[in-house]
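Chains as they are written, first to last, in UniProt numbering: chain L, 1 to 712; chain C, 1 to 76. For reference, the structure is listed below as structure tokens.
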Amino acid sequence: MREEIVIAVAGNPNTGKTTLINALAGTRLRVGNWPGVTVEKKEAQLEMNGIKIRLVDLPGTYSLSPFSLEELIARDFLVREKPDVVLNVVDATNLERNLYLTLQLLETGRPVVLVLNMYDEALRKGLRIEVEKLSQLLKIPVIPTVAIKGDGLREALEAAIRVAREKPKPFLEYGQEMEKALSELENWLKHWNSFLPESIPLRWLAIKLLEGDPKVKEETGIQELPDLPSLRHLLSAHGEPGEILAEARYGVASGVVKECVHREGLRPDLSEKLDRILLHRYLGFPLFLAMMWLLFKLTFDLSSPFVDWLDQVVNTALAPTLARGLHFLSAPEWFQALILEGIVAGVGTVAVFIPVIAAMMFWITFLEGSGYLARAAFVMDRAMHTVGLHGKSFIPLLLGFGCNVPSVYATRVLESRRDRILTAFLAPFMSCGARLPVYVLFAGAFFAYRAGTVVWSLYLLGIGMALLLGLFLQKTLLKGEPGFLVMELPPYRLPRGKYLLIHTWEKTRHFVIKAGTYILVMSVAVWFLLNFPAGKGVEGSYLARLSRTIAPVFEPLGFGRWEAAASLITGVMAKEVVVSTLGEIYGAGAGETEAPPESIGRAWGEVLKALPRAFLEAGSNLLAGLYPVSLEPEPAQASLISKIRSTFTPLSAYSFMVFTLLYMPCMVFLAAFYAEFRSLRLTALLICLNLGLAYILALALYQTGRFLGYGG
Amino acid sequence: MRLSEIKPGTKVKIVRMAEAPPVLKRRLLDMGVLSGEPLLVERMAPLGDPIEIKIKGYRLSLRREEAEKILVEVIP
């Protein structure tokens, strides 16, 4: 016996596969990536009855076609790594379509155990499934389970171990004609004296060649099917080779279902009823908007008190504690500054995003697990598709108005990489909350009672740019990559709290570890620019020198002063930093430094006391309506405003705001984008596109304005 | 007739698939959209596109431009 049994877990989306994996693996689950790609890979080492088990979760797919990354990963693992057994999770309420994948799993020659999940739901729906018979017909063990309750999981694992030891050779016939053609093709393959990929099951190769699988054609070098009598016969009788196998599989699947699944009395389907309301001709759209408003509110209002709280923890408790400690150790001054101003600031930046990302992930997972997400896409697809996006893209883009960073993570609701990249590219054009302080300051300083209109115009400009860029990208970067819908509308289900929490935890952790590292490095770099050479003040810093060098570039846009350039450089950290940098340079910002606490213990005490308050506030935020955002600049900014008035004109102020809106996503976004898509090329392209667009637009605006006589 | 032209509430049978990009064709086949298969056009989205069909006991949504590639006949 081998030391370790490898169990692959495969299944359609929406079958409760993830719940099953989580229940089996618990805390031993490790989340990583499949080598070389950004598709998530979950693995766990288990032990049962003294046997070591390696559980590998394959991406959820409907098929093993070669057209999506997920499907390629799944099938490559099955044919090349040859797991000892495949646990195939199927939705008992929707057996026929699920069996289509089961049959393809069997084609790979791996032993399969069928996990008949959501068995309770099938019973409630009035379906009677003859489990024994199903097992006989498919010639594999079938275990009914209810993964969310943990029912049957042990039995499924035991069956998998048993099968792994017996090493059966599963085989399911597709009818005489087909089998004859396949075996002739297999024979022909045996004599094909080329470099056949070693140890790949011949039957699988034969099936894929017959299907016209482009990937297998390429790998084997066999472009044309040989002229075999049985093949000729099969093709002449059934037409297109691509369809023959799909028909054969579905033929078997529907035959099996007819024999084993009996409908006993029709129970009204809850999904049917809900859809009649939620997808209603006239109610559907308003309900969708209400749902999206709720999602936005639950994400940002619920998390904002915790954002403030974490900010407080870092700045009033953690920082003084570290300062005291470093002072006590008599660490060199530059080192103290590095830790306190560089690293702590970076930690603070990462920390304040945690509540937002966690809240967003929680609600998105809820929407996805409940089945409404697919409906949201269904309702919104027409509008989104006109600019080449998928209906589901609406959600990440909507969240972008709160903060662009969770948008990156929300793109995971999309299946295809094309749609995910396109959506993530457009997300930074949704004017996020951090840009608002910049608008408030400048619009307040120059446009007084028309400030609202000005701010509104910037939001619209962002959306307009996103639409144009979306169309442009489809014609260029993403050309030839088709986007299509063909999407299942899964039954409505109430997701379990535990499942939501696990998902939320995984994504938040990913952000903290992956994106957090880059953020830390970048904040130290910015700190360095601002504080060195030592003792020269802001005016003499590297930042000022750098800003003076690049400032002339912004002259044609109306803001060629180094102060503006400096604020744009630090603004990459986060857009609201534009305001604080200007304040710092003009010596007018500060004022909001909090009084140092008398003792460290007291500071931590305050922080602890503030936590229940944050919960209360989150609760009251939830109850309160949507309060209007104040567009009045804070009184403390009065001197900053007068400085700005003396260096900007209304036209150059507007040009500056446009540039701020577009010029670059903040570094947290970039870090998250890179962590998510793992492509330097795409990240660089994103930056260049944004910079270029911002420059051209601000330039056109300022110069046109001057030509029309608005500038001074 | 094309599936995209069918009114909601109508039962149809798939005759065959018209010319379509291979990726789309494969995806449709994988989802059980096969010649001879009966299906019910359940509804269209509030904005008129996409449409929802019930096939093989589950719900599937398709854009009209995708449904256009599927030739069907009405089941009387």
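Backbone N, C-alpha and C fix where the C-beta goes; we use that ideal spot for every residue, glycine too. None of the values given here were measured: they were computed from a predicted structure.
Closest Cα partner of residue i within the set the options
| i | options | result |
| --- | --- | --- |
| leucine 287/L | Val33/C, Lys25/C, Pro46/C, Pro22/C | Pro46/C |
| leucine 310/L | Ile354/L, Ile339/L, Phe296/L, Ser271/L | Ile354/L |
| arginine 281/L | Ala610/L, Lys498/L, Val379/L, Met178/L | Val379/L |
| leucine 461/L | Gly516/L, Phe532/L, Leu661/L | Leu661/L |
| glutamine 136/L | Ala694/L, Ala181/L, Leu185/L, Cys260/L | Cys260/L |
| arginine 435/L | Ile463/L, Gly464/L, Cys403/L | Cys403/L |
| glycine 132/L | Val257/L, Ile513/L, Met291/L | According to the sequence shown, residue 132/L is glutamate rather than glycine. Minimum Cα distance to glutamate 132/L is reached at Val257/L. |
| methionine 361/L | Thr504/L, Glu488/L, Asp227/L | Thr504/L |
| asparagine 98/L | Gly558/L, Ser63/L, Asp76/L | Ser63/L |
| aspartate 49/C | Ile357/L, Leu557/L, Met384/L, Gly444/L | Met384/L |
| proline 437/L | Ser580/L, Pro229/L, Ala551/L, Arg203/L | Ser580/L |
| cysteine 666/L | Lys575/L, Gly251/L, Leu582/L | Lys575/L |
| leucine 153/L | Met48/L, Gly483/L, Leu468/L, Trp334/L | Met48/L |
Alpha-carbon spacing of residue i relative to residue j, whole angstroms
| i | j | result |
| --- | --- | --- |
| glycine 589/L | glutamate 563/L | Residue placement at glycine 589/L cannot be trusted, given a pLDDT of 39 that sits under 50; the coordinates are not used to answer. |
| glycine 433/L | serine 370/L | 29 Å |
| aspartate 151/L | glutamate 606/L | 46 Å |
| glycine 57/C | valine 41/C | 13 Å |
| asparagine 33/L | phenylalanine 285/L | 37 Å |
| tyrosine 174/L | leucine 134/L | 17 Å |
| valine 113/L | isoleucine 7/L | 10 Å |
| glutamate 367/L | arginine 375/L | The amino acid at residue 367/L is misidentified as glutamate; the sequence shows leucine. For leucine 367/L and arginine 375/L, the distance between alpha carbons rounds to 10 Å. |
| leucine 58/L | leucine 60/C | 23 Å |
| alanine 248/L | glutamate 179/L | 11 Å |
| leucine 123/L | glutamine 104/L | 27 Å |
| valine 115/L | valine 163/L | 13 Å |
| threonine 423/L | arginine 263/L | 43 Å |
| glycine 540/L | leucine 340/L | 21 Å |
| glutamate 73/C | valine 15/C | 7 Å |
| leucine 708/L | alanine 671/L | 41 Å |
Closer than 8 Å to chain C by CB, residue i
| i | result |
| --- | --- |
| tyrosine 459/L | no |
| histidine 385/L | yes |
| leucine 103/L | no |
| phenylalanine 285/L | yes |
| asparagine 94/L | yes |
| glutamate 219/L | no |
| phenylalanine 77/L | no |
| phenylalanine 378/L | yes |
Simplified DSSP state of residue i, which is helix, strand or coil
| i | result |
| --- | --- |
| glutamine 223/L | coil |
| alanine 590/L | Low confidence applies to alanine 590/L: its pLDDT is 43, below 50, so where it sits in the model is not reliable enough to give any reading. |
| glutamate 606/L | helix |
| arginine 706/L | helix |
| aspartate 120/L | helix |
| alanine 8/L | strand |
| tyrosine 58/C | strand |
| lysine 11/C | strand |
| alanine 534/L | coil |
| lysine 52/L | strand |
| alanine 574/L | coil |
| lysine 17/L | helix |
| leucine 478/L | coil |
| glutamate 19/C | coil |
| histidine 233/L | helix |
| glycine 175/L | coil |
| isoleucine 129/L | strand |
8 Å Cβ cut-off: residues of chain C touching residue i
| i | result |
| --- | --- |
| serine 65/L | Arg26, Arg27, Asp30 |
| tyrosine 100/L | Asp30, Gly32 |
| leucine 279/L | Arg43, Ala45, Pro46, Glu52 |
| arginine 97/L | Met31, Gly32, Lys56, Gly57, Tyr58 |
Beta-carbon neighbours of residue i, restricted to chain C and to distances below 7 Å
| i | result |
| --- | --- |
| leucine 485/L | Pro50, Ser61, Leu62, Arg63, Glu66 |
| aspartate 227/L | What aspartate 227/L touches in chain C: nothing, since even the nearest Cβ is about 23 Å away. |
| tyrosine 62/L | Asp30, Met31 |
| phenylalanine 362/L | By Cβ distance, chain C contributes nothing, its closest Cβ being about 26 Å from phenylalanine 362/L, past 7 Å. |
Short CB-CB distance (under 8 Å) between residue i and chain L
| i | result |
| --- | --- |
| lysine 56/C | yes |
| valine 72/C | no |
| valine 43/C | Strictly speaking, residue 43/C in this sequence is arginine, with valine absent from that position. Answer yes: the Cβ-Cβ gap between arginine 43/C and chain L drops below 8 Å somewhere. |
| valine 23/C | yes |
Neighbour list for residue i in chain L, Cβ cutoff strictly below 8 Å
| i | result |
| --- | --- |
| leucine 34/C | Glu243, Ala246, Glu247, Tyr250 |
Within chain C, the residues that residue i reaches when beta carbons sit closer than 9 Å
| i | result |
| --- | --- |
| aspartate 381/L | Ala45, Leu47, Asp49, Pro50, Ser61, Arg63 |
| glutamate 488/L | Met31, Tyr58, Arg59, Leu60, Ser61 |
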